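Below: the structure, in structure tokens.
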Amino acid sequence: MDQHNRQQFLERLANKLGRPMRTEAVGSYPHINDYPTTRLTDLSFEERYQKFVQTANDLTVDCVTTKPEQVSTTILELCQKYGEGDVILNDDERLQQYGITNTVCEKYPHRVWSSTTAEEDRHFAANANIGIVFAEYGLTESGGVVLFSSPHNGRSVSLLPPVSIIVLRKSTILPRVAQLAKILDEKAQQGERMPSCINIISGPSATADIELVKVIGVHGPVKQVYLIIDDL
Numbered sequence: 001m002d003q004h005n006r007q008q009f010l011e012r013l014a015n016k017l018g019r020p021m022r023t024e025a026v027g028s029y030p031h032i033n034d035y036p037t038t039r040l041t042d043l044s045f046e047e048r049y050q051k052f053v054q055t056a057n058d059l060t061v062d063c064v065t066t067k068p069e070q071v072s073t074t075i076l077e078l079c080q081k082y083g084e085g086d087v088i089l090n091d092d093e094r095l096q097q098y099g100i101t102n103t104v105c106e107k108y109p110h111r112v113w114s115s116t117t118a119e120e121d122r123h124f125a126a127n128a129n130i131g132i133v134f135a136e137y138g139l140t141e142s143g144g145v146v147l148f149s150s151p152h153n154g155r156s157v158s159l160l161p162p163v164s165i166i167v168l169r170k171s172t173i174l175p176r177v178a179q180l181a182k183i184l185d186e187k188a189q190q191g192e193r194m195p196s197c198i199n200i201i202s203g204p205s206a207t208a209d210i211e212l213v214k215v216i217g218v219h220g221p222v223k224q225v226y227l228i229i230d231d232l
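Just so we're aligned: the sequence shown equals residues 1 to 232 in full-length UniProt numbering.
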């Protein structure tokens with residue numbers, strides 16, 4: 001569209017709207033309310049946690065809460081409950097810190113994600129039964145979790161296995177995505193390198209594209225489990 005046609009097109013739109021064509025930005029419009037930044041912020045940590053679990057349960061996510069000293073025992077119980085088999089884990093120091101990596105690797109056939117063996121790891125993940133990752137944050141409003149991708153944290157680990165176990169600290173459950181956006185903005189302003197991918201995952205994979213029939217597990221895990229560490 002050349003400049004003349006563009007001008008005519010915009011003038012016709014302005015006429016239909018009953019006003020002159022604007023040639024300068026009018027600025028932002030006043031907000032009707034402040035819900036995007038304040039909703040659920042009045043909840044205490046405990047109330048936020050309870051609401052998060054309730055919302056996640058509505059999404060068919062199984063939530064298990066445990067104390068820091070019981071994490072390694074709980075992860076084995078979850079692996080046994082959901083069919084055991086091959087397990088793939090991210091190379092996350094927090095998984096190591098809580099004893100998850102060592103505990104799982106001693107018990108099951110496994111691989112730990114590495115960018116240097118990404119192709120082999122993806123193939124293993126596609127055939128593994130369980131993938132274990134550590135979430136950066138939980139979101140109360142949606143019952144979702146936030147995952148950062150990096151050379152040590154592959155997206156395939158939470159995407160390909162039919163069972164996805166996501167470890168989350170109770171203290172990192174945020175009210176909603178507005179607080180996440182603020183945290184990310186502050187990191188960017190400080191010059192911190194952003195993740196290659198930020199995933200917000202709410203429940204197992206689900207679609208109802210075909211005849212409005214809900215189908216679980218078409219584009220990702222069939223089962224999602226939150227292992228919440230009570231660190232408060």
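Note that CB positions come from ideal geometry on N, CA and C, so glycine has one too. These numbers come from a predicted model, not from an experiment.
Partner residues in the beta bridge of I88, as assigned by DSSP, are R111 and G131.
Counting along the chain, Y137 sits inside the beta strand (DSSP E) bounded by residues Y137 to L139. Sequence-distant Cβ neighbours of V167 in its own chain, meaning closer than 6 Å and more than five residues away, are F134 and L227.
Excluding five sequence positions before and after A128, the CB atoms of its chain that fall closer than 8 Å to its own CB belong to G85, D86, V87, I88, R111, L160 and P161, given in chain order. 8 Å or more divides the Cβ of G131 from the Cβ of V104. Counting C-beta pairs closer than 8 Å gives three or more between the segment 45 to 59 and the segment 136 to 149, which meets the contact rule.
Relative to I173, the option among I200, Y35 and P204 whose CA is nearest is I200. A straight-line Cα-Cα distance of about 24 Å links F124 and T74. Around the beta carbon of Q224, 16 or more other beta carbons lie within 10 angstroms, which makes this residue buried. Within the model, the alpha-carbon separation for A206 versus D230 is close to 29 Å. Along the length of the segment 12 to 97, whole alpha helix (DSSP H) runs at least 4 residues long occupy 35 to 38, 45 to 58, 71 to 81 and 93 to 97, reported in chain order. Per DSSP, the unbroken beta strand (DSSP E) holding V167 starts and ends at V163 to R169.
Counting along the chain, Q224 sits inside the beta strand (DSSP E) bounded by residues K223 to I229.
In this model, T116 and G154 are separated by some 11 Å (Cα to Cα).
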